[in-house]
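Residues in the sequence shown are numbered from 1 upward in steps of one, following full-length UniProt numbering. C-beta: ideal position from N, C-alpha, C; glycine also. Just so you know, these numbers come straight off a predicted model, no measurement behind them.
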Amino acid sequence: MEVSMYRALWALLRPYRFVLIFAVILQAIAGISSLIPWVAISQIALSPVEQGNTWVIIAFISGVVWLVCQTLALYLTHQTDNQLCYQLRLKILNKLNRLPLSEFVYSGKEGIQKIVDRDVRLLHQLTAHAPADLAQLFVVPITATLILLWTNWALMIFCLLPLIITIYLFRQLRSPRYQSLFTARDQTMGNLYAQYAEFADNPLLARQYPNRAIQLAVTQALSAFLVAFNRWINKIGAFSSLTQIGMSTTLLTLWVIIGSLVVPTSVSLSQMVLFILLMHSITAPIAAMGHGADALNHAVAASERIRHFLEQTEMQYGDKSLQGAPCAVHIHDVDYCVQDKTLLSNINLTIQPGQLVAIVGASGAGKSTLLQLMARFLDPTRGELYFNTTPLPQFSLAGLNQQVSIVMQNTQPMPCSLKENLQLFAPDATAVEITDYLEKLNLLTRLQQLPKGLDSLVGHDITLSGGEAQRLAIARVLLSKVPILLFDEPTSALDPQNAELFFQLLNQEQRTRVLVTHDLSYLCHADTVILLEEGQIIAQGTHLQLSEHTPQYQQLLSALEDAA
Numbered sequence: 001m002e003v004s005m006y007r008a009l010w011a012l013l014r015p016y017r018f019v020l021i022f023a024v025i026l027q028a029i030a031g032i033s034s035l036i037p038w039v040a041i042s043q044i045a046l047s048p049v050e051q052g053n054t055w056v057i058i059a060f061i062s063g064v065v066w067l068v069c070q071t072l073a074l075y076l077t078h079q080t081d082n083q084l085c086y087q088l089r090l091k092i093l094n095k096l097n098r099l100p101l102s103e104f105v106y107s108g109k110e111g112i113q114k115i116v117d118r119d120v121r122l123l124h125q126l127t128a129h130a131p132a133d134l135a136q137l138f139v140v141p142i143t144a145t146l147i148l149l150w151t152n153w154a155l156m157i158f159c160l161l162p163l164i165i166t167i168y169l170f171r172q173l174r175s176p177r178y179q180s181l182f183t184a185r186d187q188t189m190g191n192l193y194a195q196y197a198e199f200a201d202n203p204l205l206a207r208q209y210p211n212r213a214i215q216l217a218v219t220q221a222l223s224a225f226l227v228a229f230n231r232w233i234n235k236i237g238a239f240s241s242l243t244q245i246g247m248s249t250t251l252l253t254l255w256v257i258i259g260s261l262v263v264p265t266s267v268s269l270s271q272m273v274l275f276i277l278l279m280h281s282i283t284a285p286i287a288a289m290g291h292g293a294d295a296l297n298h299a300v301a302a303s304e305r306i307r308h309f310l311e312q313t314e315m316q317y318g319d320k321s322l323q324g325a326p327c328a329v330h331i332h333d334v335d336y337c338v339q340d341k342t343l344l345s346n347i348n349l350t351i352q353p354g355q356l357v358a359i360v361g362a363s364g365a366g367k368s369t370l371l372q373l374m375a376r377f378l379d380p381t382r383g384e385l386y387f388n389t390t391p392l393p394q395f396s397l398a399g400l401n402q403q404v405s406i407v408m409q410n411t412q413p414m415p416c417s418l419k420e421n422l423q424l425f426a427p428d429a430t431a432v433e434i435t436d437y438l439e440k441l442n443l444l445t446r447l448q449q450l451p452k453g454l455d456s457l458v459g460h461d462i463t464l465s466g467g468e469a470q471r472l473a474i475a476r477v478l479l480s481k482v483p484i485l486l487f488d489e490p491t492s493a494l495d496p497q498n499a500e501l502f503f504q505l506l507n508q509e510q511r512t513r514v515l516v517t518h519d520l521s522y523l524c525h526a527d528t529v530i531l532l533e534e535g536q537i538i539a540q541g542t543h544l545q546l547s548e549h550t551p552q553y554q555q556l557l558s559a560l561e562d563a564a
C-alpha cells in the first residue's frame, strides 16, 4: 500500500520533476554554503588577526550563495505547488463533469469537498517544502558530520551517541506497532470534521432536537476523537519528549563539553566552537522533518486519494444526435445497483412521444433513480435505455442535452443573474417567451419589483425562497426546446395555488412529460401511471385502471389522502 502511494505521488509530480530536482540541487548548495560561516567562525578564533579578514570574506560569500540558492529553490517549489494545485483542480473539475451521479451519492458532500479542497491543499507541504527539507535532511547533516570527523574523529563519535538514540526513538514512533494510534487519530479527526460540517449545515434541526441526531453525532465524534487523541499522546508522549530533548541545543552543547573532557584526543577551543555550532546544523533538519513527517504522510495519502479519484470510470459519450426531434423512450431489462444494493430491477417501459407519465411509489422505491437514468445522469448496471432505436451511450453530450431536460428535487439557482439562469438551457429564448412563462408560473410580478429586474444577481440582489427557486427551475426547463421533460417532485415546495398553475401549464405542453409526483389531483390527468415498489414496476396503466384493479395503488392513494 505504501509503495503504491509513493507511486501515485511520483505520477502526480511527473510534469514537474525537472524543476523539483533543480530546486533540490539548489537547496543542497544552499545547505553546504550555510555550514561555511560556522567553519569560518571557528577558524577566526584560531587564526591570527591579520588572517581573520579572509575568513570574514569567505563567510560573507557563502552567506550570499546560501541566501540566493535557498530563495530560488523555495521560489521554484512554491511556483510548482501553485501550478500543480491549479492543474489538479482543473482535472478534478473536468472529472466531476464526466462522473456518473452515483459517485457523488457514494462519496457525499464531505468526500467530494475533501478531494477538491483539503487533499489538494495538503500537497502544499509535499511540493513547496518537502524537496528543500529532504535536501537539508541529507546534505547538511552528512556534510557537517564529515567536517567534524575530519576535525576530531573521537569527539564526533562521542557526540553521535545522543543522535543515534534519538533517531532510534523516532523510528520507534513510526514503527507498525504505533501506526494504529496514528490511524485512529486521523480517522476520528476526519469524522469530527464531517460531523461539524453537517452540524453547520443544519442549525435549525440541531436547535429543534437538542442533544439528539445531529448534535448527538457531533458530541459522539468529539468524544471518540478525544479518546483516540489521548491514547495517542499517552503512548507516544514519552518517546516524543525524549526525541526533543535529545536534539535540543542545550543538551548537545553540554554533551560537546563533556566529550572534550573524556575523549582520548585533545580538543582545542576552535574545535569546541565548531562542534557546538555544527551539531545544531546536524539536528535542525532532522527535527524539522520530525515535525513535518505527519504533514508529509498526509500529503502522500492525499496524492493517493487524488490519483484514485482521477482514475474513476467516466461516462462515455458517442457522436449521435436526434437534433431535438420528438422521440420515444424505451427501457429494456434495466437493473441498477449501488454497492450490492439493488435500487431498480427488471425495468421494462416504453414512453411514446407526447405522453404524460406519472411515476408513483413509496419513498425509496427508485422513482428518482429511474428519472436520472432517463436523463443519463446514471448508467444502468444491466440493460439498456434508448431514444427511438439509439442507445443513450451512443449520444454525444450535446445530443443528450438536445433531447432531455430535468428538474430535480431541492434545485438551487446558479449564482448568476435571473436572466442567465433562465437562459441556461435556452440561450436564444426571447424576452417575450421568458415573460410568458414567468407570468404563467406566478413569478413575473415578484421579479419585476426588483430594481434590476431579471438582471438581479441571485444571492446578491435577491434571495429566492424554496418555492421561487423551484418555479425558476421549472421555467428554465420549459423554455428549453427539448422534446422530453422530466420532473422530480416539481411541486414539493409549492403552495396549492402555484402547484395548480404548474399543472395547468404542464397540461398545455405537447412534449413528452415524465414526473414523479404524489399529487392526487394530477394523477387522473396522466396518460400512464407507473407504480414502483422496491425497485420494480408492479403496475402501469391509467389512474382509473390502477385504482380499480391494483391493491397496492389503492393503499398508496389511501395513505396520500390521509396525509393530505
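query                                                                                                                                                       : result
At what residues does the beta strand (DSSP E) containing Val-516 begin and finish?                                                                         : 512–516
Is the segment 405–421 touching the segment 487–504, taking contact as three or more C-beta pairs under 8 Å?                                                : yes
Does the CB of Phe-377 have a neighbour CB from chain D at under 8 Å?                                                                                       : Here chain D cannot be found, since the structure has a single protein chain.
On the DSSP bridge assignment, give the partners of Gln-540 in chain order.                                                                                 : Ile-530
Reducing DSSP to helix, strand and coil, say where Asn-234 ends up.                                                                                         : helix
Give the straight-line distance between the Cα atoms of Leu-161 and Ala-238, rounded to the nearest whole angstrom.                                         : 19 Å
Taking the continuous alpha helix (DSSP H) assigned at Arg-17, which residues delimit it?                                                                   : 17–46
By alpha-carbon positions, which one of Leu-310, Val-56 and Thr-249 ends up nearest to Pro-285?                                                             : Thr-249
Looking only at its own chain, which residues have a Cβ that is under 7 Å from the Cβ of Ala-26, when we skip the five neighbours before and after it?      : Looking at the sequence shown, residue 26 is not Ala but Leu. If we look at Leu-26 and ignore the five residues flanking it on each side, its Cβ neighbours are Cys-69, Leu-72 and Ala-73.
Tell me which residues share the same chain as Glu-2 and place their Cβ nearer than 6 Å to its Cβ, disregarding the 5 neighbours each side in the sequence. : In this prediction, Glu-2 has a pLDDT of 49, which is less than 50 and means its spatial position is unreliable; what the coordinates show is noted afterwards. So no residue of the chain qualifies.
For Leu-464 and Leu-447, what's the separation of their Cα atoms in angstroms?                                                                              : 10 Å
Looking only at its own chain, which residues have a Cβ that is under 7 Å from the Cβ of Arg-185, when we skip the five neighbours before and after it?     : Ala-228, Phe-229 and Trp-232
From what residue to what residue does the beta strand (DSSP E) around Lys-341 run?                                                                         : 341–351
Please name the residue in Lys-481, Ala-375, Gln-87 and Val-39 whose C-alpha comes closest to that of Ile-306.                                              : Gln-87
Span of the alpha helix (DSSP H) holding His-124?                                                                                                           : 120–124
Tell me whether Ala-217, by its Cβ, gets closer than 7 Å to a heavy atom of the ligand PLP.                                                                 : Although the ligand PLP was asked about, the structure shown includes no ligands whatsoever.
Which residue wins for smallest C-alpha separation from His-330, given the options Pro-353, Tyr-386, Leu-90 and Val-256?                                    : Tyr-386
Could you tell me whether the segment 380–394 touches the segment 326–340, where touching means 3 or more Cβ pairs closer than 8 Å?                         : yes
Helix, strand or coil: which one does DSSP assign to Asp-488?                                                                                               : strand
Since Ser-345 and Leu-12 should fall inside the 8 Å C-beta cutoff, what is the C-beta to C-beta distance between them, to a whole number of angstroms?      : Wrong, their Cβ atoms sit about 40 Å apart, outside the cutoff.
Pull up the DSSP beta-bridge partners for residue 569, would you.                                                                                           : Outside the shown range of the chain (1 to 564) lies residue 569, about which nothing can therefore be said.
From the DSSP output, read off the bridge partner residues of Pro-391.                                                                                      : Tyr-386
May I ask you to report which of helix, strand or coil DSSP gives Gly-318?                                                                                  : coil
Could you check where the beta strand (DSSP E) with Ala-358 kicks off and where it finishes?                                                                : 356–361
With Val-262 as the anchor, note down where its alpha helix (DSSP H) starts and where it stops.                                                             : 249–262
Relative to the C-alpha of Ala-431, which residue among Pro-393, Leu-479 and Val-404 is closest?                                                            : Leu-479
Just the C-alpha distance for Thr-342 and Gln-394, rounded to the nearest angstrom, thanks.                                                                 : 25 Å
Helix, strand or coil: which one does DSSP assign to Leu-400?                                                                                               : helix
Taking the alpha helix (DSSP H) that Asn-410 falls in, what are its first and last residues?                                                                : Careful: Asn-410 lies outside any alpha helix (DSSP H) and carries neither H nor E.
When DSSP labels each residue in this structure, what does Leu-457 get in the three-state scheme?                                                           : strand
In whole angstroms, what is the alpha-carbon distance linking Ala-135 and Thr-265?                                                                          : 33 Å
If you drop the 5 nearest sequence neighbours on each side, which residues of the same chain put their C-beta closer than 7 Å to that of Gly-259?           : Leu-155, Phe-158 and Cys-159
Can at least three beta-carbon pairs, one atom from the segment 51–65 and one from the segment 15–23, be found at a separation below 8 Å?                   : no
Any idea if Arg-121 is buried or exposed, counting beta-carbon neighbours within 10 angstroms, 16 or more meaning buried?                                   : exposed
Does DSSP classify Val-482 as helix, strand or coil?                                                                                                        : coil
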